[in-house]
Every structure is written in C-alpha cells, then in structure tokens.
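Numbering-wise (my numbering), the sequence shown opens with residue 4 and increments by one. For glycine and all other residues, C-beta sits at the position ideal for the given N, C-alpha and C. Working notes, beginning with the structure itself.
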Amino acid sequence: MDTKQQNKVTMLQTVLRFLDEGGQPLLAIKRIAAGREALAAVAAQVLAVAKTQEQPTTGVTRTRETVKKEAAERAEVLRLFVVALTDDPTRRAALKQTVGKRLQGKDAEYLAYLAAIAEGIATLQPADLADAGYDPKVGKALAADRAELEKTQGAARQIEIGTSAATDELPGLLQAADAVLAQQLDPLVRAQALAQPALVAEYDKARRILKTAARRRPRYRGLLPAGTVGLVFDRRTAGLPDPTLGNRSGRGRVLRFYTAATPTARPLPGQGVPVKHRTDLHLADYARLGPDADAPYLLVVLEGVDGEGHFVVE
C-alpha cells in the first residue's frame with residue numbers, strides 16, 4: 004500500500020469511527036445505517052488485503068495457526084455481510100459474535116463457525132451482495148482456508164503465498180469504498196444539513212483525506228514505574244490493528260499488556276498477555292488482551308517486582 008492509499012484507508016477508518024461514536028444519531032436513519040455497514044464491510048476487506056500485501060513477495064512458511072488467523076480475517080468480513088443483509092433473525096443472532104472471539108476456542112467449534120458464516124453468505128441474493136460491495140474472491144479464499152484447516156493438524160503445512168493478487172485487488176476495493184461514500188453516505192448525510200448541521204460538519208471533517216509525507220509504522224515506547232498503569236495508546240487513533248508488544252526492561256522484569264474501557268483500569272485476574280524481558284510478541288489482533296473486543300485503550304503494568312519497566316509497541 005502506497006502513501007496515498009494509506010491516507011485513504013485512514014479516512015475510511017475515521018468516518019466509521021465518527022459514525023459509531025459522535026455521529027450515532029445519524030444511524031437512526033436506516034439508509035445511512037445501511038451505508039455505514041456497506042462501508043465497514045469494504046474497509047475490512049481493504050485492511051485484510053493490505054495485510055496480505057505486506058507479506059514477503061517470495062514464498063513463506065505458514066503454520067496452521069497462521070492459516071486460522073487469516074481465515075478469521077476473511078470470515079469476519081463475510082460475517083458482517085450476513086449480519087447486515089440477512090432477513091433471518093435467528094441466523095443474525097447465531098453470528099453476532101466476532102470471529103476473533105472464536106479463534107482461541109476449540110478447533111471443531113471454530114471450523115463450525117466458519118462453516119455457518121459460509122452458509123449464511125450462500126443464503127443471500129447475489130444482487131444484494133453486489134450492492135453491498137461483496138467480493139467473491141474473499142469467499143473463495145475462505146473456502147480454501149477451511150479446506151486447508153480440515154486436512155491439517157498441529158503446526159504442519161508449507162504454503163506458498165505472494166502479494167501480486169493483493170496489489171491488483173486493492174485499487175478496486177478502494178474504488179468500491181469511494182462509491183459507497185459518494186453514492187450512499189455523502190448525499191444522505193449532507194441532506195441532514197438543516198436538521199443536524201453540527202453532525203454534518205463533523206462528518207465532512209472526517210471525510211477529508213489528510214496527506215502525509217510518507218508511510219511509517221507507528222512506534223510507541225515509554226518507561227513504567229512499578230505499581231503504576233501505563234497507557235500505551237488509544238486503539239482508535241493509533242493505526243495499529245496488529246501490534247507487536249515489546250519488553251526492553253531489565254532482566255527478570257515481565258510486562259503485562261491488556262485492553263480496557265478506561266485509560267487507568269488495572270487488569271482483571273488472568274487478563275492480558277505477559278511479555279518477558281528482551282522479547283517481542285506479535286498479535287494479529289487484540290482478542291487475547293481482554294474480554295471486550297472493542298475496549299479502546301491498550302495498557303501495560305510491570306509484574307511482581309520493583310523498579311522500572313520499558314515497553315515498546317509497534
């Protein structure tokens with residue numbers, strides 16, 4: 004993803020965050036709510052493709068765990084389509100949980116949830132899917148992942164992957180996102196200029212694409228006195244969907260990273276993940292860091308010793 008594309012993705016995330024938070028009154032209008040769901044679905048596809056694009060262009064080894072995580076990303080995109088478009092309340096209720104929450108469960112239950120999502124997609128009308136921005140390639144990729152998971156065990160499997168397909172796919176997805184904005188959200192939101200002028204003004208701010216000089220992966224670091232809670236960042240603005248948690252503290256010092264709804268909350272018993280001295284832990288998402296998948300704050304504490312911890316997250 005080049006800088007221009009990254010700036011557009013940042014804008015999409017800002018618009019969705021605005022609609023989910025300060026702009027929620029606008030979602031009371033059914034067609035604006037439908038436009039928001041369509042944009043969220045395309046944005047999820049964009050992020051999934053962008054992550055694939057960042058893989059090395061030569062073949063790499065994927066463990067079974069990697070396949071599970073990649074299948075979860077694709078399945079979550081499809082789950083959003085089913086929840087948004089199905090007329091069956093029972094199916095919608097059965098698929099209300101994010102795929103990330105099922106990822107750490109039993110294999111059989113996880114595969115059954117992926118199958119239920121695929122079945123849900125099959126019940127939808129092709130025209131409705133097309134209108135919502137659905138890309139059949141995502142469904143085909145998930146089917147391949149499911150087949151791979153069903154015929155492998157443990158960490159076995161060598162799979163060659165590349166980035167050319169992702170590079171070709173990304174511009175089309177961004178165009179689809181532009182179409183949702185231009186044809187659905189922009190006119191419908193701006194039609195509220197007399198009824199809700201303040202919200203329309205905030206929406207227009209969120210729609211601006213801020214130009215950056217170059218794309219850089221953010222890095223957050225800090226010193227953490229024992230007994231204190233360290234705020235690493237607010238996930239909604241950090242731009243790190245897949246963080247790498249690092250501990251640069253002295254020997255024997257363990258840092259526990261976790262998520263919470265407030266910037267000063269301490270971890271619940273057993274919550275979060277510990278990272279030992281001089282090690283890094285890469286996460287595909289934030290599911291392991293707390294029971295609430297949407298908790299906005301990433302926090303860290305120094306476990307069990309006096310002194311000072313040094314964290315790095317990138």
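Residue environment: Leu271 is assigned as exposed (fewer than 16 neighbouring CB atoms within 10 Å of its CB, all protein chains considered). By the CB criterion at 8 Å, Leu292 and Gly307 fall outside the cutoff. Close CB contacts of Val52 within its chain, under the 8 Å cut and outside five residues either way in sequence, are with Ala169, Glu172, Leu173, Leu176 (chain order).
Following the DSSP letters along the chain, one finds Asp237 inside the beta strand (DSSP E) bounded by residues 233-237. For Ala119, there is no enclosing beta strand (DSSP E); the enclosing alpha helix (DSSP H) covers residues 110-125. When the five nearest sequence neighbours on each side are left out, the beta carbons in the same chain lying within less than 7 Å of the beta carbon of Ala179 are those of Val45, Gly136, in order along the chain. As DSSP reads the structure, Gly25 sits in no beta bridge.
For Ala287, there is no enclosing beta strand (DSSP E), as DSSP gives it neither H nor E.
Taking a 10 Å sphere around the C-beta of Gln100, we find fewer than 16 other C-beta atoms and assign the residue as exposed. The closest CA to that of Leu301, considering only Ala43, Ala37, Asp148, Arg238, is found on Arg238. Beta-bridge partners assigned by DSSP to Pro277: Arg259. In this chain, Thr247 is not harboured by any alpha helix (DSSP H); it is covered by the beta strand (DSSP E) spanning 247-250.
Contact annotation: His280 and Gly255 have beta-carbon atoms nearer than 8 Å. For Leu226, no alpha helix (DSSP H) encloses it; the enclosing beta strand (DSSP E) starts and ends at 223-228. Pairing Gly25 with Glu153, the inter-Cα distance amounts to about 43 Å. Taking Glu76 as reference, the option from Asp245, Phe314, Leu234, Gly230 with the minimal CA-CA separation is Asp245. The shortest CA-to-CA distance from Glu68 to any of Thr247, Ile212, Lys109, Pro294 is the one to Lys109. Pairing Glu79 with Tyr206, the inter-Cα distance amounts to about 26 Å.
When DSSP states are grouped into helix, strand and coil, Glu306 belongs to the strand group. Between the alpha carbons of Ala31 and Ala198 lies a gap of roughly 13 Å. Spatial neighbours of Phe236 in its own chain (CB-CB distance under 6 Å, excluding positions within 5 residues in sequence) are listed in chain order as Tyr223, Leu301. Cβ atoms of Val303 and Arg259 come within 8 Å of each other, at about 7 Å. Closest option to Thr17, judged by alpha-carbon separation, among Asp295, Lys143, Thr126, Leu184: Leu184. Residue range 102-106 is occupied by the alpha helix (DSSP H) that includes Gly103.
Distance from Glu40 to Ala87 at the Cβ level is roughly 4 Å; contact confirmed, criterion being Cβ atoms closer than 8 Å. Here Val278 has Leu248, Asn250, Leu258, Leu284 as same chain residues with Cβ atoms under 6 Å from its own Cβ, once five neighbours each way along the sequence are excluded.
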